[in-house]
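Engineer: The sequence shown stops at residue 1707 when you use the working numbering, and every number in between is there.
Idealized CB from N, CA, C, for every residue including glycine.
Please read these numbers as outputs of a predicted model, since none were measured by experiment.
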Amino acid sequence: LIWCHFLSAIVQLMCFYFIYLFIFHTENTQHGPVFTQEPSDSIFPLSSDDKQVFINCKAKGNPPPHYRWKVDGREIKTESDPNYSLVEGNLLVNNPHVINHGGVYQCIATNTFGTIVSREAKVQFALREGQAVVLLCGPPPHYGGIVLHPDSPDTRRFISQRTGNLYIAKVEASDAGNYTCAVKNMMINATVFSSPTPVVVRRDGKHPQFSSAPKIEVQFPDTLHVSKGSSVKLECFALGNPVPSISWRRADGNPLPGKIKINHSIGVLEIPYFRPEDASVYECVAENSRGRNVARGQLLFHNVEHLHWVQTLKDAHMVIDASLQWVCKAMGQPIPTYKWLKNGQPLLGRIQVEAGRLTISRISLVDSGMYQCVAQNEYGSAYASAELKVVASPPDFTRRPVKKSIVIQRGGEVVLECRPHASPRAAISWWREGELLMDNKRRTIMEDGTLRITNISKSDGGRYTCVAKNHFGTSSSTGILMVKGIYLFSTGFTTVPLKPRLPTFVEGRGTSSSLKLIMKYIAVLCSRRCLSLFVGVSGPPGAPEGLVVTDITDTTVHLSWGSGPDNHSPVTMYIVQARTPFSVGWQTVRTVPDSVPGQMMHATVKDLNPWVDYEFRVVAINSVGVGEPSTPSKQIRTEAAVPKVAPVIVSGGGGARGELVIMWEPVSEEQQSGEDFGYVVAFRPVGSSTWIQTVLASPDASRYIYRNESIAPLSQFEVKVGVYNRMGEGQFSRVIRVFSAEEEPSEAPSSVWARAASASEIEVYWKPIPPRSSSGTILAYEKGSHQSEAKRVRIISTTALLSGLKGSTVYLISVRGQNSAGLGPCSPAFNITTKKPPPRQPPRNIEWSLTNSKIFLNWEHVKATENESEVTGYKVVYHQTWHGITTVVQTNKTSVELHIPSGEDNLIEIKALTEGGDGTSSGPIRVPKMSSMFQILCSMQMTEVCIKESVG
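1. Take Thr1589 as the anchor and find which of Ser1563, Pro1597, Ser1608 has the nearest alpha-carbon.
2. Indicate the three-state DSSP secondary structure (helix, strand or coil) for Lys1630 in the structure shown.
3. Take Gly899 and list the residues in its own chain whose beta-carbon comes closer than 6 Å to its own, dropping the five residues that flank it on each side.
4. Considering Cys1128, what are the terminal residues of the beta strand (DSSP E) in which it resides?
5. To the nearest whole angstrom, what separates the beta carbons of Leu1314 and Val1304, a pair I think is in contact under 8 Å?
6. Can you have a look at Val1331 and say buried or exposed, based on whether 16 or more other CB atoms are within 10 angstroms of its CB?
7. Ser1318 to Asp1306, Cα distance in whole Å?
8. Do you know offhand how far Thr1646's Cα is from Pro1583's?
9. Using a Cβ-Cβ cutoff of less than 6 Å, which residues in the same chain neighbour Val859 once the five nearest sequence positions on both sides are dropped?
10. According to DSSP, is Ala928 helix, strand or coil?
11. Residues in the same chain with beta-carbon distance under 7 Å from Leu994, minus the five sequence neighbours each way, listed in chain order, please.
12. Please identify the residue among Val1397, Gly1234, Pro1580 whose C-alpha is closest to the C-alpha of Ser1160.
13. Do you know offhand how far Glu1544's Cα is from Leu1567's?
14. How many whole angstroms separate the CB atoms of Val1422 and Val1478, which I take to be in contact at a CB cut-off of 8 Å?
15. Is Lys1213 helix, strand or coil when you go by DSSP?
16. Go ahead and pull the three-state DSSP assignment for Val1478.
17. Is it true that the region 1066 to 1080 meets the region 1021 to 1034, where meeting means three or more beta-carbon pairs spaced less than 8 Å apart?
18. Closer than 6 Å by C-beta to Val1632: which residues in its own chain qualify, once you throw out the five before and the five after it? Chain order, please.
19. Mind checking which residues open and close the beta strand (DSSP E) that includes Ser1515?
20. Which residues bound the beta strand (DSSP E) around Tyr1028?
21. Hey, quick one: how far does the beta strand (DSSP E) through Lys983 stretch, first residue to last?
22. Can you grab the Cα-Cα spacing for the pair Asp731 / Thr1393, in whole Å?
23. Once you ignore the five residues that flank Gly869 on each side, which residues in its own chain have a CB closer than 7 Å to its CB?
24. Compare the C-alpha of Thr1554 against each of Ser1575, Tyr1520, Lys1630 and name the closest.
25. Below 8 Å on the Cβ atoms is my contact criterion, and I expect Ala1375 with Pro1299 to pass it. Report the Cβ-Cβ distance as a whole number of Å.
26. Does DSSP put Leu1668 in a helix, a strand or coil?
27. With C-beta atoms as the reference, is Thr791 less than 8 Å away from Pro820?
28. Suppose contacts are defined by Cβ-Cβ distances below 8 Å. Is Glu1615 in contact with Thr1649 by that definition?
29. Between Ala1110 and Gln1088, what straight-line distance do the alpha-carbon atoms span, to the nearest angstrom?
30. Out of Ser1232, Ala1130, Ile1200, Arg1207, which has the shortest C-alpha to C-alpha gap to Pro1175?
31. Let's test the definition: count the other Cβ atoms within 10 Å of the Cβ of Thr1346 and tell me whether it reaches 16, buried, or not, exposed.
32. Phe790 CB to nearest chain B CB: under 8 Å?
33. What number of angstroms, rounded off, separates the C-alpha of Arg1180 from the C-alpha of Ile831?
34. For Ile1183, does the three-state DSSP call read helix, strand or coil?
35. Following the continuous beta strand (DSSP E) through Val1436, name the residue where it begins and the one where it ends.
36. Would the beta-carbon of Gly1407 fall within 8 Å of that of Ile1391?
Spelled out as structure tokens, the structure:
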């Protein structure tokens, strides 16, 4: 959830229009309602004494009208809402709330002649400075977990991690604006936003600021059961003025463990990796000058296994009329129960649910949506989400058309496949030369739409069209069947080994480069002797079948499979491949045995990563080549184990005085080996035998800062970083040496001086800080210039140019050094004044003439005012549009002669030169290329006058 604070000034424009309408009628004349008073935009300041607010509305009519009200387009039910009531036509708001009752109000008056509506009136309730306010978020239900990131967090404002509500302990003028609550589901990356909530703050000079003792509005439960290894967060926030300070302590007097994280800006105490010694009564203490308040809660250690997913859900894209089965499985103690949700609501109707198994038969379009499996026990719940997309489409042969051309011999057999993409499944019919085909003794249309013809004859040749039809459309695809005889003349038998190079058609079946064993009797025409010939064609083996994964451990699995067709060449070996969400494509994995022989159809895969999802496939190899891979196995997850990989890149150094900064490259998710992964950071001063350790429960952590004011600058420490997960602690990285933070510079730069370079620039110079005044290396100098606001620049040299300044302005200059520990003292400040700004008036009355390759320019002298720098000369800039060449000419006169090429256009600008910088440009003057017939003279004044004079 993210609170977005749109800080914009709220300007209320109260416009009163007086319209006088005179209607003359007798009192007995009946007529429709007419407004005599309508609601207007209003801001009502609230205080603790404000109990009622009136919003006015009055209409006349005969018969008298009755009234209704709307707020933000929603009709107000005054009879059922105790906060609203009607007094004649006026709306009375009882116990108004700054958030709940602000909005756009509209009055509705009705009698027997009709209904009229008033203008819309924006009504706001303003807070007094110093009051407290709570903005409600109300996130949608069934979001598995809430993660909140406060915008500009401070001790005045707090966002509840449980409810999303925003608490402001003490309202200030800067809090005015519109607030929006955003809820993001991290599983599906979807975000919804609340409507903006306005907050209006008024300063009441007649009354002192509202003040109060601390009132704890957000607190943790009185008793909380926490399981081993989990992370627990306790919330505490108090309203009050002055803003209460929040502190934490254990009721038993023991100090808080070093691993505890306290985030004062969001009011949360976090205990990662909960252990028995962390169980205690914890107290949150809120204090200000008006009083003190304490909230208590007891954390009890429960050695139970908290819920975690063993089998979760995956998004599914299904066709109409297909069947879907989702299975989710969670582990935990006590054993969890399951429920299923669709779009956040319990499942109803024909969908079958049995514990963690959901089955949908004959899927339809209405089944599309977001599904959640919820595993829950008395200690919590876990949500697994997946999206079901139901695909509805007409038949489409784009990817799998009917084979365009098939050659078959007489007496053979052919199979014509018809496999369009369609949802729902298409009804298939076959046509030959415009004639609908039906089943007979030689011809069969199979259930999947495949056409099979046996004992092929010459008459079976022709154009075959497959027509596919479903609810969404019809499509067709056509192929040609050619029937030919084979004539072979031979005087004897010869053994000829054949290896496929091109597609071949045998017995009516098209074959690819992975051919099956072909045995075909060939008839021959002969006069006296006849021969028979068997042709054997070998190819790479077919795909292995029936791949099964069993005996899953943390680093091994056992695979078994069945042999596929060897295509007339025995399988010599198998290779096993795997892929994971972290791999690029399929990778060959190590097995036992190292080389799987062709007669063995099982193997053990080794050296896998624990707690990683894997898919496997098997590829057969024979003397002809490498065959097609098997169908991938079902995805499995290896067992969890203690992590074996520690961070390999550990470094550190830098930070502020008294800090030891330790950094490392996080371990990849693939190598974390289990859930609840985190880091154990250990360090000790060089020469010490005792390690100091701390636990970081985040798998993404890459930095730890140890703060202790007693650490001397640039002290050496031995550092190592270890890993752990739910299964236990793993190994540490190698020990490295890291320096603590250095000391910030103790001296200021010397010999600082500056000069005004122009109206907008100041040059600053100084001597560097001597090495003895800093325990480390000077990384930069910070140069400050003070006028209405500070302008700071960080640089690494001993000179600097301050730019973007105001002319004729006094600036206060000081310089100080900076290293990795922080900033040193400032040098003595001194004043310097920028030069007067250049004239704002550009050169005027510019005249030019063009002769051959020369341009003659003259203009009126620019006169500076008293507050502007005197003109010392002029800058003429001309740009050749064709070659892109820019040339600058300076002169102290009000005329200039330029030599330019005659064959192209030129753009010319003129500026005044002053010690305060360049003046305002005259604007571009376009000088066209020279004509052989004309010389052009242009005078640039209030109007443009061009005189053309004949040449020669």
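Structural biologist: On the basis of the supplied data:
1. Position 834 of the sequence shown holds residue 1589. Measuring from the Cα of Thr1589, the nearest candidate turns out to be Ser1563.
2. By 1-based counting over the sequence shown, the position of residue 1630 is 875. Residue state, collapsed to three classes: strand.
3. Counting from one through the sequence shown, the residue named residue 899 turns up at place 144. Any reading at Gly899 needs caution, since the residue's pLDDT is 43, under 50, leaving its predicted position unreliable; the model's value is listed next. For Gly899, where only same-chain residues beyond five positions count, the Cβ hits under 6 Å are Tyr1138.
4. By one-based count along the sequence shown, residue 1128 stands at place 373. Element bounds for Cys1128: 1124 to 1132.
5. Locating residue 1314 in the sequence shown gives position 559, where the first residue counts as 1. Locating residue 1304 in the sequence shown gives position 549, where the first residue counts as 1. That pair is a contact at about 6 Å.
6. Here residue 1331 refers to the residue found at position 576 when the sequence shown is read from its first residue. With 16 or more other Cβ atoms within 10 Å, it is buried.
7. Counting from one through the sequence shown, the residue named residue 1318 turns up at place 563. Counting from one through the sequence shown, the residue named residue 1306 turns up at place 551. If you take the alpha carbons of Ser1318 and Asp1306, they lie about 21 Å apart.
8. One-based indexing of the sequence shown puts residue 1646 at position 891. One-based indexing of the sequence shown puts residue 1583 at position 828. Thr1646 and Pro1583: Cα-Cα distance of roughly 42 Å.
9. Within the sequence shown, the letter at position 104 stands for residue 859. These residues qualify, in order along the chain: Asp827, Glu875, Lys877.
10. For the purposes of this step, residue 928 is taken as the residue at position 173 of the sequence shown. It is helical.
11. In the sequence shown, counting from the first residue as 1, residue 994 sits at position 239. Same-chain partners within the cutoff: Ala887, Tyr922, Ala924, Lys970, Glu972.
12. In the sequence shown, the residue the question calls residue 1160 occupies position 405. Checking every option, the nearest Cα to that of Ser1160 belongs to Gly1234.
13. Position 789 of the sequence shown, counting from 1, holds the residue named residue 1544. Position 812 of the sequence shown, counting from 1, holds the residue named residue 1567. Because Glu1544 sits at a pLDDT of 43, beneath the cut-off of 50, its placement in the model cannot be relied upon, and the point is left open.
14. Against the sequence shown, residue 1422 aligns to sequence position 667. Against the sequence shown, residue 1478 aligns to sequence position 723. Correct: roughly 6 Å between the Cβ atoms.
15. The residue labelled residue 1213 in the question sits at position 458 within the sequence shown. Looking at Lys1213 - three-state DSSP - the assignment turns out to be helix.
16. Locating residue 1478 in the sequence shown gives position 723, counting from the first residue. DSSP places Val1478 in strand when its eight states are reduced to three.
17. no
18. In the sequence shown, the residue the question calls residue 1632 occupies position 877. Val1643, Glu1664, listed in sequence order.
19. Working through the sequence shown from its first residue, we reach residue 1515 at position 760. Unbroken run through Ser1515: none, as it is neither H nor E.
20. As a position in the sequence shown, residue 1028 is number 273, starting the count at 1. No beta strand (DSSP E) contains Tyr1028, which DSSP labels as neither H nor E.
21. Here residue 983 is taken as the residue at index 228 of the sequence shown, counted from 1. It is not in any beta strand (DSSP E) - Lys983 carries neither H nor E in the DSSP assignment.
22. The structure shown has nothing for residue 731, since the chain only spans 756 to 1707.
23. Position 114 of the sequence shown, counting from 1, holds the residue named residue 869. Gly787.
24. As a first step, residue 1554 must be located in the sequence shown, where it is residue number 799. That would be Tyr1520, whose Cα lies nearest to the Cα of Thr1554.
25. Position 620 of the sequence shown, counted from the first residue, corresponds to residue 1375. Position 544 of the sequence shown, counted from the first residue, corresponds to residue 1299. Rounded, the Cβ-Cβ distance is 6 Å, consistent with contact.
26. As a working note, residue 1668 is residue 913 in the sequence shown. Strand.
27. Here residue 791 corresponds to residue number 36 of the sequence shown, with the count starting at 1. Here residue 820 corresponds to residue number 65 of the sequence shown, with the count starting at 1. For Thr791 and Pro820, no; Cβs fall outside 8 Å.
28. As a working mapping, residue 1615 is identified with position 860 in the sequence shown. As a working mapping, residue 1649 is identified with position 894 in the sequence shown. Yes.
29. The residue labelled residue 1110 in the question sits at position 355 within the sequence shown. The residue labelled residue 1088 in the question sits at position 333 within the sequence shown. The alpha-carbon atoms of Ala1110 and Gln1088 are separated by roughly 16 Å.
30. Here residue 1175 refers to the residue found at position 420 of the sequence shown. It is Ser1232 whose Cα lies nearest to the Cα of Pro1175.
31. Taking the sequence shown and counting its residues from 1, one reaches residue 1346 at position 591. So Thr1346 counts as buried.
32. The question asks about chain B, but that chain is absent: this structure has only one protein chain.
33. Here residue 1180 is taken as the residue at index 425 of the sequence shown, counted from 1. Here residue 831 is taken as the residue at index 76 of the sequence shown, counted from 1. Roughly 52 Å between the two C-alpha positions.
34. On the sequence shown, position 428 is the one that residue 1183 refers to. It is a strand residue.
35. What you label residue 1436 is simply residue 681 of the sequence shown in a count that begins at 1. That run of the beta strand (DSSP E) goes 1433 to 1440.
36. The residue given as residue 1407 occupies position 652 in the sequence shown. The residue given as residue 1391 occupies position 636 in the sequence shown. No, Cβ-Cβ distance for Gly1407 and Ile1391 is not below 8 Å.
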